[in-house]
Amino acid sequence: MSKQLSLHTQGELKADIEVPNYDLTTTGCGIVHLGPGAFHRAHQAFYTERALAFGGDWRIHGVSMRSASLKDALAPQDNLYALSIVDDEPKTQVIGAIGQLSTLSRDRERIVEAMVNSATKIISLTVTEKGYCLNSSGHLDTEHPEIISDLQNPEKPVSAIGLIVQTLKLRMQAGYADVTVISC
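Just so it is clear: in the sequence shown, position 22 is 21 by numbering that gives the first Met the number 0, and no numbers are missing.
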């Protein structure tokens with residue numbers, strides 16, 4: 000029986016499996032990412048992992064807008080996961096770029112705090128087309144149930160755009176430096 004991947008077991012992996020070469024216990028999060036699904040983990044988190052080798056507090060605080068399944072799956076692994084890279088020379092790499100995972104339904108205050116935190120320099124998102132809550136002409140759909148909820152309860156947004164708007168407002172009120180918002 001193999002051991003579960005974690006901070007304590009990553010040193011026991013086969014020598015050909017690449018592991019993070021920075022201190023996972025002290026490197027902070029500088030990115031909050033909405034929608035840390037498979038695409039994000041195989042692409043943005045992978046490239047962030049590569050950048051972390053050069054230093055800086057650029058780990059990712061991943062935010063699931065709906066399901067807690069990813070958080071629940073990765074928590075026992077200290078948010079580490081293995082990425083299989085199929086190339087001319089296939090390899091496996093442990094990704095440690097995701098420092099924290101939260102779910103909006105469980106961790107709203109923690110998420111808002113992370114997004115407003117002055118240490119957060121980037122807010123990124125990977126959502127489906129429906130997640131942008133746009134109408135057929137490409138404008139915000141003010142009749143979308145999530146947008147209606149956000150407008151009625153701006154302190155408890157349920158949409159990604161509502162959460163970003165709330166965050167930008169709170170950051171402005173706190174006098175924090177600008178934050179970069181990226182849609183991936």
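C-beta atoms are modelled at their ideal positions from N, C-alpha and C, and glycine is treated no differently. As the structure is a computational prediction, the values presented were derived from the model and not from experiment.
| query | result |
| --- | --- |
| For Ala74 and Ser68, what's the separation of their Cα atoms in angstroms? | 10 Å |
| Using the beta-carbon count (16 or more within 10 Å), is Ala113 buried or exposed? | buried |
| Quick one: what does DSSP say His32 is sitting in, helix, strand or coil? | strand |
| Looking at the structure shown, is Leu23 part of a helix, part of a strand, or coil, going by DSSP? | coil |
| When you compare the CB positions of Gly98 and Arg49, do they come within less than 7 Å of one another, or not? | no |
| How is the alpha helix (DSSP H) around Thr166 delimited, first residue to last? | 159-173 |
| For the pair the region 88-98 and the region 123-139, tell me if three or more CB-CB distances fall below 8 Å. | no |
| Can you give me the Cβ contacts of Arg109 inside the same chain, cut-off strictly under 8 Å, excluding the 5 residues immediately before and after it? | Ser101 |
| Which residue comes first and which comes last in the beta strand (DSSP E) that contains Lys90? | 90-94 |
| Nearest-angstrom Cα distance between Cys183 and Ser123? | 7 Å |
| Go ahead and label Pro35 buried or exposed: buried means 16 or more other beta carbons lie within 10 angstroms of its beta carbon, across all protein chains shown. | buried |
| Over the uninterrupted beta strand (DSSP E) stretch that includes Thr47, give me the two end residues. | No beta strand (DSSP E) contains Thr47, which is instead part of the alpha helix (DSSP H) from 43-51. |
| Please list, in chain order, all residues of the same chain as Ile16 whose beta carbon is under 6 Å from its beta carbon, the five residues on each side excluded. | Thr91 |
| Quick check on the DSSP output: what are the complete beta strand (DSSP E) runs of length 3 or more inside the region 88-157, in order along the chain? | 90-94, 97-102, 121-124 |
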